[in-house]
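Residue numbers (the working numbering), protein chains in the order written: chain A, 84 to 315; chain B, 43 to 166.
Right, dumping it as structure tokens:
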């Protein structure tokens, strides 16, 4: 993670155009880094088999947690990003893009059900095959996290979606595969509480990791607030 | 050589300057950006960024909007239609130059390679 624009030793401004675009895209994204962390935390708490004590106090805490979640999502995080990094408006969808989106939606409405009916047996037989391959006929292992990291890695390698992010995605994929394949080498691991939590909450944890990565890229690329008060 | 370089297209000088190119690159990947973000991402001083933005605005490449929000001046900058087409042309020109240089590089070793008959005989 380097600077987007930096003065070189001879005083010239050296530029990395890909990085400039990438950082601008990160800040202009609807789902900024810390928001991804927030959604990841929410998913993790929902999916992981954590043992919560019962009682009205816990219900109240959940309600308060939901309120904090909404406040952070709609207000605190956007305000923090605006004040810390500045304001970027994302590019509007072009007329061509909008037309394609509309066509896809119409196609989904018209042909979604028959296509799903035809693809569903294929997909479930493929998944069944994968689970047999990893010695998991009872489908206990959650493959969402590994699929997510695989897609992220392919995106960063083929589409150059994440500048310098290939290694991060590769490490994420290795970590998620290690959790998924752990029971092959250690039979009985399915009974371990920690494995159950990591397996079920893997996707949430992955979102937390990738959100933090995006945020750290922004923090490193953009220095602390330079303009105080008026912007000029 | 001089003949070949004379046909080389020349890039737009206004855009080719690194600070202005950085500003335009950032603006090309979003609908608009404010002064604070532009200053942070380009690492220019306030004065320098102001001057560069004024130059770009005078050339009709960017549109600058100023508004007062919470008693503070907020400056928002976006690419104009002309700015979009000029930047596209600039990158096309740069691609042409790059392709030309690559061709030159390929041809150069053939030209500079010593004639086999002129190579020194190994000492016996």
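All C-beta atoms in this analysis are idealised placements derived from N, C-alpha and C, irrespective of residue type, glycine included.
Taking all protein chains shown into account, do 16 or more other C-beta atoms lie within 10 angstroms of the C-beta of residue i, making it buried, or fewer, making it exposed?
{"i": "residue 144 of chain B", "result": "exposed"}
{"i": "residue 51 of chain B", "result": "exposed"}
{"i": "residue 64 of chain B", "result": "buried"}
{"i": "residue 114 of chain A", "result": "exposed"}
{"i": "residue 306 of chain A", "result": "exposed"}
{"i": "residue 142 of chain A", "result": "exposed"}
{"i": "residue 312 of chain A", "result": "Legend: pLDDT at residue 312 of chain A = 45, less than 50; position of this residue unreliable, value from coordinates given subsequently. Exposed, because fewer than 16 other Cβ atoms sit within 10 Å of the Cβ of residue 312 of chain A."}
{"i": "residue 198 of chain A", "result": "exposed"}
{"i": "residue 138 of chain A", "result": "exposed"}
{"i": "residue 208 of chain A", "result": "exposed"}
If you follow the alpha helix (DSSP H) that residue i is part of, which residue opens it and which one closes it?
{"i": "residue 297 of chain A", "result": "285-304"}
{"i": "residue 140 of chain A", "result": "139-154"}
{"i": "residue 109 of chain A", "result": "100-111"}
{"i": "residue 266 of chain A", "result": "249-268"}
{"i": "residue 88 of chain B", "result": "88-100"}
{"i": "residue 202 of chain A", "result": "178-216"}
{"i": "residue 65 of chain B", "result": "60-70"}
{"i": "residue 131 of chain A", "result": "First-last for residue 131 of chain A: undefined, no H or E at that position."}
Considering only residues of the same chain and omitting the five flanking positions on each side of residue i, which have a CB-CB separation below 8 Å?
{"i": "residue 215 of chain A", "result": "none"}
{"i": "residue 62 of chain B", "result": "56, 94, 97, 98"}
{"i": "residue 163 of chain A", "result": "117"}
{"i": "residue 163 of chain B", "result": "Because the pLDDT at residue 163 of chain B is just 44, under 50, the model does not fix this residue reliably, and the value given afterwards should be weighed accordingly. Cβ neighbours of residue 163 of chain B beyond the five flanking positions: none."}
{"i": "residue 140 of chain A", "result": "none"}
{"i": "residue 278 of chain A", "result": "262, 265, 266, 272"}
Hey, how far is the Cα of residue i from the Cα of residue j?
{"i": "residue 185 of chain A", "j": "residue 266 of chain A", "result": "45 Å"}
{"i": "residue 102 of chain B", "j": "residue 117 of chain A", "result": "37 Å"}
{"i": "residue 261 of chain A", "j": "residue 148 of chain A", "result": "32 Å"}
{"i": "residue 229 of chain A", "j": "residue 206 of chain A", "result": "17 Å"}
{"i": "residue 99 of chain A", "j": "residue 177 of chain A", "result": "26 Å"}
{"i": "residue 91 of chain A", "j": "residue 239 of chain A", "result": "Interpretation of residue 91 of chain A is limited by its pLDDT of 41, a score under 50 that renders its predicted location unreliable; no figure is taken from the coordinates."}
{"i": "residue 111 of chain B", "j": "residue 166 of chain A", "result": "13 Å"}
{"i": "residue 253 of chain A", "j": "residue 241 of chain A", "result": "14 Å"}
{"i": "residue 169 of chain A", "j": "residue 77 of chain B", "result": "8 Å"}
{"i": "residue 138 of chain B", "j": "residue 70 of chain B", "result": "21 Å"}
{"i": "residue 126 of chain A", "j": "residue 109 of chain A", "result": "22 Å"}
{"i": "residue 84 of chain B", "j": "residue 125 of chain B", "result": "18 Å"}
{"i": "residue 128 of chain A", "j": "residue 140 of chain B", "result": "52 Å"}
Can you list, in chain order, the residues of its chain with a C-beta nearer than 7 Å to that of residue i? Leave out the 5 residues immediately preceding and following it.
{"i": "residue 231 of chain A", "result": "286, 289"}
{"i": "residue 233 of chain A", "result": "256"}
{"i": "residue 80 of chain B", "result": "65, 68, 91, 119"}
{"i": "residue 223 of chain A", "result": "273"}
{"i": "residue 74 of chain B", "result": "118, 119, 120"}
Excluding sequence positions up to five away, which residues of its chain have a Cβ less than 6 Å from the Cβ of residue i?
{"i": "residue 160 of chain A", "result": "117, 118"}
{"i": "residue 296 of chain A", "result": "251"}
{"i": "residue 218 of chain A", "result": "267"}
Locate the beta strand (DSSP E) running through residue i, then write down its first and last residues.
{"i": "residue 107 of chain B", "result": "104-111"}
{"i": "residue 118 of chain B", "result": "114-121"}
{"i": "residue 75 of chain B", "result": "74-76"}
Determine the closest residue to residue i out of the options, with distance taken between C-alpha atoms.
{"i": "residue 264 of chain A", "options": "A:141, A:248, A:281, A:179", "result": "A:281"}
{"i": "residue 293 of chain A", "options": "A:194, A:155, A:183, A:121", "result": "A:121"}
{"i": "residue 259 of chain A", "options": "A:273, A:283, A:132, A:271", "result": "A:283"}
{"i": "residue 227 of chain A", "options": "A:123, A:172, A:199", "result": "A:123"}
{"i": "residue 54 of chain B", "options": "B:141, B:149, B:132, B:147", "result": "B:132"}
{"i": "residue 49 of chain B", "options": "B:113, B:126, B:148, B:142", "result": "B:142"}
{"i": "residue 276 of chain A", "options": "A:105, A:107, A:104, A:132", "result": "A:132"}
{"i": "residue 104 of chain A", "options": "A:135, A:136, A:130, A:171", "result": "A:171"}
{"i": "residue 100 of chain B", "options": "B:109, B:122, B:136, B:147", "result": "B:122"}
At a Cβ threshold of 9 Å, is residue i touching chain D?
{"i": "residue 70 of chain B", "result": "The displayed structure is made up of protein chains A and B, and chain D is not among them."}
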